[in-house]
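Enquirer: Pasting a structure below so you can have a look.
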Amino acid sequence: MPENSSQMEFDTYIENAFIIDGSQNKSFKGALGICGDKTAYAGKPVICEAKEKINAKGCILSPGFIDIHGHSDFSIFMHPDASSRINQGVTTEAIGNCGLSAAPLYGQVWQRWHNRYAEKNFIINWREPEDFFERLIDRGTGINIAPLLGHTNLRTYIVDYNDTKLQGSNLEKFSRLADKYLQKGYFGISLGLAYPPGIFADETELRAIFTQLKKHNSLLSVHLRNESDFVEQSLLEILKLNEDFDVPVQISHLKAFGKKNAGKVDNLLSMIDRFSAESKSGINFDRYPYTAFCTDLDFILPQYLFEGGYAKAAQRLSDIKVKKEIAGYLKNKFSMDDASAIFISSTAKSKRKFLGKRLTDLTDKTDADFWIKIIDFLLEIKFKSDAVFFLWMKLI
Ligand SMILES: [Zn+2]
22 MPENSSQMEF
32 DTYIENAFII
42 DGSQNKSFKG
52 ALGICGDKTA
62 YAGKPVICEA
72 KEKINAKGCI
82 LSPGFIDIHG
92 HSDFSIFMHP
102 DASSRINQGV
112 TTEAIGNCGL
122 SAAPLYGQVW
132 QRWHNRYAEK
142 NFIINWREPE
152 DFFERLIDRG
162 TGINIAPLLG
172 HTNLRTYIVD
182 YNDTKLQGSN
192 LEKFSRLADK
202 YLQKGYFGIS
212 LGLAYPPGIF
222 ADETELRAIF
232 TQLKKHNSLL
242 SVHLRNESDF
252 VEQSLLEILK
262 LNEDFDVPVQ
272 ISHLKAFGKK
282 NAGKVDNLLS
292 MIDRFSAESK
302 SGINFDRYPY
312 TAFCTDLDFI
322 LPQYLFEGGY
332 AKAAQRLSDI
342 KVKKEIAGYL
352 KNKFSMDDAS
362 AIFISSTAKS
372 KRKFLGKRLT
382 DLTDKTDADF
392 WIKIIDFLLE
402 IKFKSDAVFF
412 LWMKLI
């Protein structure tokens, strides 16, 4: 029976819900009263006045979820209501993952994202975090945004996409930048060690990042250097840094892909358990709820091709000898079954007809030059394409 609390008044009263309050308390059937944007009451049903009453029979009521791994850095401006998040119960998204954040934007990272979004009629008119945040606040978002600072953005600021080891004055400048930007509202730094220019970061550079994170009591999020043949070594690289610096680590989308690597996931988990037992700051990981990953289509290419940037990669691939060599590499790495499991999810305007198509729809799969044609496609669109990869993947 409802308790007699006739003095209670809410804007919204939700009753008959199955409440999970997120505090690790046991779930219970009850009611919730909201005043303004705050929860004013949660407990047994009460007699009350409310502008709106919702019967949530058969539904679960819980605080919003935090999605620790999002990439809405730019797209949030086009979809500020974030309905794809809200509809999943996500009310906070961590953006700036895998080494790339929306600010600061200099060098090729600015050119790349500015050009890509200009095609979608969205003009990126900021460089610095303050201007990005201001524009975001002006736009207004349907969810809370928790920004990470991208390592790519920091590195590009100093040595662009070049395979330059950071040392001496460059290393000092890099540390100063990380220090400065970590005071602007970021809750951590993200690494994308599988992508250029993250692939060029050596241990000295990573230690400089961890030093700054320690100073600012911030978190490290990491897309590991390798998630397939060398996934164990790549995980160890980060676990050792967690051990040395005692900085909390979030390993992004932990997995092993490629059929022969499936057996590695148990070992990944025991490595995390082993290091976690001694770690004061904590080691966490997230995973996909599906068996595919989405990234740049050019991820199929050896990433060292991008040393110096995208124009440099195009220049290298325009040499027929290099192109043939890379086509041979692709043929070795991906079977035709793999190629038919890679779907184009975004691409340049001129190639929109290929949206949702498989790589094997781009050209005849019996064609001896199949991979040459795929490379030509990437060159034609200036590498502006994402793809969904249904490659053989073992999730944690
Ligand atoms: Zn990633």
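Numbering (this note's numbering), first residue to last: 22 to 417. Every residue gets a Cβ at the ideal spot worked out from N, C-alpha and C, and that includes glycine. In this text, all values refer to a predicted model and were calculated from it rather than measured experimentally.
Specify the secondary structure class of R148 as computed by DSSP and reduced to three states.
Expert: Taking the first residue of the sequence shown as 1, we reach residue 148 at position 127. Three-state DSSP puts R148 in coil, outside helix and strand.
Enquirer: Suppose you measure from the CA of L257 to the CA of K65; what does that come to, to the nearest Å?
Expert: By one-based count along the sequence shown, residue 257 stands at place 236. By one-based count along the sequence shown, residue 65 stands at place 44. Near 49 Å, if we compare the C-alpha coordinates of K65 and L257.
Enquirer: Roughly how many angstroms lie between the CA atoms of F231 and H274, to the nearest whole one?
Expert: Here residue 231 refers to the residue found at position 210 when the sequence shown is read from its first residue. Here residue 274 refers to the residue found at position 253 when the sequence shown is read from its first residue. Whole-angstrom Cα-Cα distance: 21 Å.
Enquirer: Can you confirm whether E401, when its beta carbon is compared against all beta carbons of chain C, has any partner nearer than 9 Å?
Expert: The structure shown contains no chain C, having only a single protein chain.
Enquirer: May I have a chain-ordered list of the alpha helix (DSSP H) segments no shorter than 4 residues that lie completely inside the segment 76 to 140?
Expert: DSSP runs (the alpha helix (DSSP H)) wholly in the segment 76 to 140: 104 to 107, 128 to 139.
Enquirer: Alpha carbon to alpha carbon, what distance is there between K333 and I89?
Expert: Position 68 of the sequence shown, counted from the start, is the residue given in the question as residue 89. Position 312 of the sequence shown, counted from the start, is the residue given in the question as residue 333. Roughly 34 Å between the two C-alpha positions.
Enquirer: Suppose you measure from the CA of E114 to the CA of V130; what does that come to, to the nearest Å?
Expert: Stepping through the sequence shown from its first residue, residue 114 is reached at position 93. Stepping through the sequence shown from its first residue, residue 130 is reached at position 109. Using only the alpha carbons, I get a separation of about 22 Å.
Enquirer: Taking the alpha-carbon of M292 as reference, which of S406, F278, E264 has the nearest alpha-carbon?
Expert: Locating residue 292 in the sequence shown gives position 271, counting from the first residue. Cα-wise, what sits closest to M292 is E264.
Enquirer: Quick one: residues in its chain with C-beta nearer than 8 Å to the C-beta of F404, no 5 flanking neighbours on either side, listed in chain order?
Expert: The residue labelled residue 404 in the question sits at position 383 within the sequence shown. Closer than 8 Å at Cβ, skipping near neighbours: D317, L318, D319, Y331, A334, A335.
Enquirer: Buried or exposed for H244, please, with buried defined as at least 16 other CB atoms from any protein chain shown within 10 angstroms of its CB.
Expert: Working through the sequence shown from its first residue, we reach residue 244 at position 223. Classification for H244: buried.
Enquirer: Distance, Cα to Cα, K47 vs E151?
Expert: On the sequence shown, residue 47 is found 26 positions in, with the first residue counted as 1. On the sequence shown, residue 151 is found 130 positions in, with the first residue counted as 1. Approximately 42 Å between the Cα atoms of the pair.
Enquirer: Heavy atom of ligand 1 less than 8 Å from the Cβ of S273, yes or no?
Expert: For the purposes of this step, residue 273 is taken as the residue at position 252 of the sequence shown. Checking the Cβ of S273 against ligand 1 gives yes.
Enquirer: Hey, would you say the C-beta of G219 is under 8 Å away from at least one heavy atom of ligand 1?
Expert: By one-based count along the sequence shown, residue 219 stands at place 198. Not under cutoff, so the answer is no.
Enquirer: For T312, which three-state DSSP category applies?
Expert: In the sequence shown, the residue the question calls residue 312 occupies position 291. Correct three-state label for T312: coil.
Enquirer: Is it right to say C80 is buried, meaning 16 or more other beta carbons lie within 10 angstroms of its own, or is it exposed?
Expert: Within the sequence shown, the letter at position 59 stands for residue 80. Label assigned to C80: exposed.
Enquirer: Would you decide whether S249 is buried or exposed? Buried here means 16 or more other CB atoms lie within 10 Å of its CB.
Expert: Taking the first residue of the sequence shown as 1, we reach residue 249 at position 228. Counting Cβ neighbours within 10 Å, S249 comes out buried, since at least 16 surround it.
Enquirer: Output the boundary residues of the alpha helix (DSSP H) element that contains N174.
Expert: Position 153 of the sequence shown, counting from 1, holds the residue named residue 174. Unbroken alpha helix (DSSP H) run through N174: 172 to 180.
Enquirer: Y207 and S93 - do their beta-carbons sit closer together than 9 Å?
Expert: Position 72 of the sequence shown holds residue 93. Position 186 of the sequence shown holds residue 207. Against a cut-off of 9 Å, the Cβ pair of Y207 and S93 comes out as no contact.
Enquirer: Going by C-alpha to C-alpha distance, which of P269, T312, Y325 sits closest to F306?
Expert: The residue labelled residue 306 in the question sits at position 285 within the sequence shown. Nearest C-alpha to F306: P269.
Enquirer: Any idea which residues DSSP pairs C69 with across the strands?
Expert: Position 48 of the sequence shown, counting from 1, holds the residue named residue 69. Beta-bridge pairing links C69 to no other residue.
Enquirer: Whose C-alpha, out of I75, M29, K344, G51, is nearest the C-alpha of F39?
Expert: Position 18 of the sequence shown, counted from the start, is the residue given in the question as residue 39. Measuring from the Cα of F39, the nearest candidate turns out to be G51.
Enquirer: Can you tell me the Cα-Cα spacing of Y216 and K378, whole angstroms?
Expert: Translated into the one-based positions of the sequence shown, residue 216 becomes position 195. Translated into the one-based positions of the sequence shown, residue 378 becomes position 357. Roughly 24 Å separates the two Cα atoms.
Enquirer: Identify every residue that forms a DSSP beta bridge with A408.
Expert: Here the question's residue 408 lines up with position 387 in the sequence shown. A408 is bridged to T316, I365.
Enquirer: With DSSP collapsed to three states, give me the class of Y34.
Expert: For the purposes of this step, residue 34 is identified with residue 13 of the sequence shown, where counting begins at 1. Strand.
Enquirer: Give me the residue from S367, L380, T368 with the minimum Cα distance to S356.
Expert: Counted from its first residue, the sequence shown places residue 356 at position 335. Nearest of S367, L380, T368 to S356, Cα basis: L380.
Enquirer: Quick one: measure Cβ to Cβ for S7 and G43, integer angstroms, because I've assumed they're closer than 8 Å.
Expert: This structure does not reach residue 7, given that the chain is present from 22 up to 417, and the question cannot be answered.
Enquirer: Should R106 be labelled buried (16 or more other beta-carbon atoms within 10 Å of its own) or exposed?
Expert: In the sequence shown, residue 106 corresponds to position 85, counting from 1. Buried: at least 16 other Cβ atoms inside 10 Å.
Enquirer: Taking a contact to mean a Cβ-Cβ separation below 9 Å, would you say S211 touches L241 in this structure?
Expert: Counting from one through the sequence shown, the residue named residue 211 turns up at place 190. Counting from one through the sequence shown, the residue named residue 241 turns up at place 220. Yes, Cβ-Cβ distance for S211 and L241 is below 9 Å.
Enquirer: Can you find the residues in the same chain that come closer than 7 Å, C-beta to C-beta, to G91, ignoring five residues on each side of it along the sequence?
Expert: Against the sequence shown, residue 91 aligns to sequence position 70. Cβ neighbours of G91 beyond the five flanking positions: E114, A115, I116, N118.
Enquirer: Scan the segment 275 to 344 and note each continuous beta strand (DSSP E) run of 3 residues or more that stays entirely inside, going in chain order.
Expert: Taking only runs of at least 3 residues, the beta strand (DSSP E) segments lying wholly in the segment 275 to 344 are 276 to 278, 304 to 306, 314 to 317.
Enquirer: In the DSSP assignment, what are the bridge partners of K261?
Expert: Taking the sequence shown and counting its residues from 1, the one referred to as residue 261 is at position 240. Paired residues: none, contrary to the question.
Enquirer: According to DSSP, F49 sits in a beta bridge with which residue or residues?
Expert: For the purposes of this step, residue 49 is identified with residue 28 of the sequence shown, where counting begins at 1. DSSP lists I40 as partners of F49.
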